[in-house]
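One structure is given below, encoded as structure tokens.
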Amino acid sequence: MEEKEKEKIFSKRVRAGKRTYFFDVKSTRANDYYLTITESRRHPQGDGFIYEKHKMFLYKEDFDKFSDALHDTIQYIKTELMPDFDFSQYTAKDELEDVGGSDLKWD
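Dropping the structure here:
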């Protein structure tokens with residue numbers, strides 16, 4: 000098996016307007032696992048687009064701390080800062096956008 004194929008175990012894409020987030024599980028040579036979170040933003044350039052990418056690596060020893068902090072932060076925004084805002088409107092919009100597929104290619 001080629002090295003690039005071996006290292007990618009699982010991938011999940013989240014489309015968000017001009018941004019796309021990729022959650023990729025990868026393995027090390029020692030068969031340990033880590034998560035990469037990549038934000039890709041599309042910008043017009045000439046007749047086409049360029050993609051600006053930012054990547055972050057999350058290792059197993061930080062999974063629980065990261066997950067807890069992310070959950071707590073989102074809940075704080077939803078309950079304390081924006082309690083009357085209807086976040087479900089974005090879920091419905093995302094489901095409609097997901098029907099047509101994407102021209103975004105990711106290596």
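The C-terminal position of the sequence shown is numbered 106 in numbering that gives the first Met the number 0, with every residue numbered one higher than the one before it. Backbone N, C-alpha and C fix where the C-beta goes; we use that ideal spot for every residue, glycine too.
Quiz item: When DSSP labels each residue in this structure, what does Ala15 get in the three-state scheme?
Solution: Reduced to three states, the DSSP call for Ala15 is strand.
Quiz item: Would you say the stretch 50 to 57 touches the stretch 67 to 79, given that touching needs at least three Cβ pairs under 8 angstroms?
Solution: Not touching, per the Cβ criterion.
Self-check item: Residue interval of the beta strand (DSSP E) (run including Thr35)
Solution: Segment 32 to 44, the beta strand (DSSP E) holding Thr35.
Self-check item: Best match in Ala15, Asp67, Leu80, Gly47 for proximity to Arg40 [C-alpha to C-alpha]
Solution: Answer by Cα proximity: Ala15.
Practice problem: Just the C-alpha distance for Glu38 and Met81, rounded to the nearest angstrom, thanks. | Solution: Here the C-alpha atom of Glu38 lies approximately 25 angstroms from the C-alpha atom of Met81.
Quiz prompt | Boundaries (first-last residue) of the beta strand (DSSP E) holding Ile49 | solution = Segment 47 to 58, the beta strand (DSSP E) holding Ile49.
Quiz item: Buried or exposed: Thr19, going by 16 or more other Cβ atoms within 10 Å of its Cβ?
Solution: When all chains shown are included, Thr19 counts as buried.
Quiz prompt | Backbone secondary structure at Lys7 - three-state DSSP | solution = The DSSP-derived three-state label of Lys7 is strand.
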